[in-house]
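First residue of the sequence shown: 1, per the working numbering; consecutive thereafter.
Let me begin by presenting the structure, written as structure tokens, before commenting on it.
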Amino acid sequence: MGEVVRFIPKSDLERARLIREARAIYESIFPSADPVSEQRNPKQ
Numbered sequence: 001m002g003e004v005v006r007f008i009p010k011s012d013l014e015r016a017r018l019i020r021e022a023r024a025i026y027e028s029i030f031p032s033a034d035p036v037s038e039q040r041n042p043k044q
């Protein structure tokens, strides 16, 4: 049998790229493991 090829519109690819870039920028500004918040809220 033949393969199924899915065509993705260029606008969808661009949207996904922009979302990845925005997440990377956000993560660089607000890292997941935030040592400052851990100092404010010590674990008991």
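Positions of the beta carbon are idealized from the N, C-alpha and C atoms, including for glycine.
Predicted, not measured: the structure shown is a model, and the values here were computed from it.
Check                                                                       : Outcome
Enclosing alpha helix (DSSP H) for Glu3 [first to last residue]             : Looking at the DSSP string, Glu3 is not in any alpha helix (DSSP H), and its letter there is neither H nor E.
Where Glu27 falls: helix, strand or coil (DSSP)                             : helix
Rounded straight-line distance, which links the Cα of Glu3 to that of Asp12 : 22 Å
Gln44 to Ala33 span [Cα, whole Å]                                           : In this prediction, Gln44 has a pLDDT of 49, which is less than 50 and means its spatial position is unreliable; nothing more can be read from the coordinates.
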